[in-house]
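Novice:
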Amino acid sequence: MTDTMTDALRLTGIEKRFGDTRILRGVDLSVRAGERHALIGPNGAGKSTLFSLIAGERRPSAGRIELNGADTTRLAPAALSRRGLARSFQTTSVFARLSVIENLRCAVLASQRGAAGFAARWLGSRRVEARASDVIEAIGLADAAHREAGALGYAEQRALDLGLALAGGAHTLLLDEPTAGMNRAEAARAIELIRATTAGKTLLIIEHDMDAVFGLADRVSVLVQGRVIATGTPAAIRADAAVREAYLGGFVS
Ligand SMILES: Nc1ncnc2c1ncn2[C@@H]1O[C@H](COP(=O)(O)OP(=O)(O)OP(=O)(O)O)[C@@H](O)[C@H]1O
Ligand SMILES: [Mg+2]
Numbered sequence: 001m002t003d004t005m006t007d008a009l010r011l012t013g014i015e016k017r018f019g020d021t022r023i024l025r026g027v028d029l030s031v032r033a034g035e036r037h038a039l040i041g042p043n044g045a046g047k048s049t050l051f052s053l054i055a056g057e058r059r060p061s062a063g064r065i066e067l068n069g070a071d072t073t074r075l076a077p078a079a080l081s082r083r084g085l086a087r088s089f090q091t092t093s094v095f096a097r098l099s100v101i102e103n104l105r106c107a108v109l110a111s112q113r114g115a116a117g118f119a120a121r122w123l124g125s126r127r128v129e130a131r132a133s134d135v136i137e138a139i140g141l142a143d144a145a146h147r148e149a150g151a152l153g154y155a156e157q158r159a160l161d162l163g164l165a166l167a168g169g170a171h172t173l174l175l176d177e178p179t180a181g182m183n184r185a186e187a188a189r190a191i192e193l194i195r196a197t198t199a200g201k202t203l204l205i206i207e208h209d210m211d212a213v214f215g216l217a218d219r220v221s222v223l224v225q226g227r228v229i230a231t232g233t234p235a236a237i238r239a240d241a242a243v244r245e246a247y248l249g250g251f252v253s
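The opening residue of the sequence shown carries number 1 in UniProt numbering; numbering runs sequentially from there.
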């Protein structure tokens, strides 16, 4: 099970400095293929920063990132996307003035390499349409296909965010606090939607609501002050003395 061949994502000694401030201080983290892995930790621990490094939006100051065994430390977001990595952001990132289905078409298109020639474009457009339709069904927004994304309710916008991440057919998904700002019932529904739409995929999910994520995750890693202080099953993490102390030290979930 711990064989590196089964790791979809492997981070070794990741450091990130902003000026003189060390935000990440040697992060080691492995996510197995097909695993649902939650990343939890206090505000400012560096969780979103870590995602920006994995997704190629920023470069680590030191350390190595591997996706399916290949070194991707220095790859740009587009190259990582072509290798099957997708991410969602902590705040909603839909195009507010476009309809729901247009948002999804854009996301599918963005994930494809440019195809030359009319026939290829025509066939491509059929595929884009089919893919966008599949995703809109999966996220439960088919009835809202032609509504402006900006006019959706908040939970629906977050479902669309998930759809944008799914649209390109990525096998490894990074979701940054997909239930942020939701009430408990909305968060529970969002987690169920994530569970249903990510079957068979590799998932790394940042969450603040420990209860929500503990029902979803196969394993949990805890990031505190720029380091992973524990990784284990939800039950093991709940029982971990160092984790409890870190949480009592300033993080109420
Ligand atoms: N571009 C930047 N320049 C300087 N400091 C930054 C930058 N981005 C983030 N930071 C700092 O890095 C630290 C970690 O931020 P990050 O957003 O990664 O934390 P987080 O764990 O995602 O927190 P939250 O739970 O609040 O989302 C914070 O102190 C933040 O102010
Ligand atoms: Mg964050």
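Note that beta-carbon positions come from the ideal geometry of N, C-alpha and C, so glycine has one too.
Here the structure is a predicted model, which means the values were calculated and not measured.
Are the CB atoms of GLY26 and GLU15 within a distance shorter than 7 Å?
Specialist: Locating residue 15 in the sequence shown gives position 15, counting from the first residue. Locating residue 26 in the sequence shown gives position 26, counting from the first residue. Yes. Within cutoff.
Novice: Going by beta carbon distance, what residues of the same chain come within less than 6 Å of LEU11, once the five residues before and after it are set aside?
Specialist: Position 11 of the sequence shown, counted from the start, is the residue given in the question as residue 11. Same-chain partners within the cutoff: VAL27, LEU29, ILE65.
Novice: If the criterion is Cβ atoms closer than 7 Å, does the pair GLY168 and ALA55 meet it?
Specialist: On the sequence shown, residue 168 is found 168 positions in, with the first residue counted as 1. On the sequence shown, residue 55 is found 55 positions in, with the first residue counted as 1. Their beta carbons are not under 7 Å apart, which means GLY168 does not touch ALA55 by this criterion.
Novice: What residues in its chain sit with their C-beta under 7 Å from that of VAL31, if we drop five residues either side in the sequence?
Specialist: Within the sequence shown, the letter at position 31 stands for residue 31. Closer than 7 Å at the Cβ level, and outside the excluded window around VAL31, lie ASP7, ALA8, LEU9, HIS37, THR202, LEU204.
Novice: Pairing CB atoms from the region 132-144 with CB atoms from the region 98-106, are three or more of them under 8 Å?
Specialist: yes
Novice: Is ALA230 near ligand 1, judged by its Cβ being under 6 Å from some heavy atom?
Specialist: Looking up residue 230 in the sequence shown gives position 230. No, the Cβ of ALA230 stays beyond 6 Å of every heavy atom of ligand 1.
Novice: What three-state label does DSSP hand PHE51 in the structure shown?
Specialist: Against the sequence shown, residue 51 aligns to sequence position 51. Three-state result, PHE51: helix.
Novice: Report the three-state DSSP secondary structure of GLU186 (helix, strand or coil).
Specialist: Counting from 1 along the sequence shown, the entry for residue 186 is found at position 186. Correct three-state label for GLU186: helix.
Novice: If you count every other CB in all the chains shown that lies within 10 Å of the CB of ASP176, and 16 or more means buried, which is it?
Specialist: Reading the sequence shown from its first residue, position 176 is the one you call residue 176. ASP176 should be labelled buried.
Novice: Kindly indicate which three-state DSSP category ALA70 falls into: helix, strand or coil?
Specialist: Residue 70 sits at position 70 when you count from the first residue of the sequence shown. Residue state, collapsed to three classes: strand.
Novice: Going by other Cβ atoms of all chains shown within 10 Å of its Cβ, with 16 needed for buried, is THR198 buried or exposed?
Specialist: Position 198 of the sequence shown holds residue 198. With 16 or more Cβ atoms within 10 Å of its Cβ, THR198 is classed as buried.
Novice: Under the criterion of a Cβ to heavy atom distance below 6 Å, does ALA45 qualify as lining ligand 1?
Specialist: Numbered from its first residue, the sequence shown carries residue 45 at position 45. Yes, ligand 1 has a heavy atom inside 6 Å of this Cβ.
Novice: Report the option in VAL108, ALA212, ASP143, ALA149 whose CA atom is closest to the CA atom of ALA130.
Specialist: Position 130 of the sequence shown holds residue 130. Selected option, being the one with the closest Cα: VAL108.
Novice: Roughly how far, in whole angstroms, is the beta-carbon of GLY150 from the beta-carbon of ARG97, given that I think they are within contact range, below 8 Å?
Specialist: Mapped onto the sequence shown, residue 150 falls at position 150. Mapped onto the sequence shown, residue 97 falls at position 97. Yes, they are in contact, since the Cβ atoms of GLY150 and ARG97 sit about 6 Å apart, within 8 Å.
Novice: Can you determine whether any heavy atom of ligand 1 sits closer than 6 Å to the C-beta of PHE18, and answer yes or no?
Specialist: For the purposes of this step, residue 18 is taken as residue 18 along the sequence shown, with counting starting at 1. Yes.
Novice: Do ASP161 and SER99 have their C-beta atoms within less than 7 Å of each other?
Specialist: Residue 161 sits at position 161 when you count from the first residue of the sequence shown. Residue 99 sits at position 99 when you count from the first residue of the sequence shown. The beta carbons of ASP161 and SER99 sit no closer together than 7 Å.
Novice: When you measure from the CB of SER93 to every non-hydrogen atom of ligand 2, does any distance come out below 6 Å?
Specialist: Along the sequence shown, one-based indexing puts residue 93 at 93. It does not: the Cβ of SER93 is nowhere closer than 6 Å to a heavy atom of ligand 2.
Novice: Whose C-alpha, out of GLY200, GLU156, HIS171, LEU164, is nearest the C-alpha of ALA180?
Specialist: As a first step, residue 180 is located in the sequence shown; it is residue number 180 there, counting from the start. Out of GLY200, GLU156, HIS171, LEU164, GLU156 has the C-alpha closest to the C-alpha of ALA180.
Novice: Return yes when the Cβ of GLY46 is within less than 7 Å of the Cβ of ILE23, no when it is not.
Specialist: Counting from 1 along the sequence shown, the entry for residue 23 is found at position 23. Counting from 1 along the sequence shown, the entry for residue 46 is found at position 46. Against a cut-off of 7 Å, the Cβ pair of GLY46 and ILE23 comes out as a contact.
Novice: Tell whether a beta-carbon distance below 7 Å holds between GLN90 and SER48.
Specialist: What you label residue 90 is simply residue 90 of the sequence shown in a count that begins at 1. What you label residue 48 is simply residue 48 of the sequence shown in a count that begins at 1. Yes.
Novice: Closest to ILE229 by C-alpha separation, out of ALA76, ALA242, ALA235, PRO60, would be which residue?
Specialist: One-based indexing of the sequence shown puts residue 229 at position 229. When each option's Cα is compared against that of ILE229, the closest is ALA242.
Novice: May I ask you to report which of helix, strand or coil DSSP gives VAL31?
Specialist: As a first step, residue 31 is located in the sequence shown; it is residue number 31 there, counting from the start. Residue state, collapsed to three classes: strand.
Novice: Use the C-beta contact count for GLU192: other C-beta atoms within 10 angstroms, 16 or more gives buried, fewer gives exposed.
Specialist: Taking the sequence shown and counting its residues from 1, one reaches residue 192 at position 192. Exposed, since its Cβ has fewer than 16 Cβ neighbours within 10 Å.
Novice: Could you tell me the distance, in whole angstroms, from the CA atom of ALA170 to the CA atom of LEU53?
Specialist: Along the sequence shown, one-based indexing puts residue 170 at 170. Along the sequence shown, one-based indexing puts residue 53 at 53. Spanning the two alpha carbons is a distance of roughly 17 Å.
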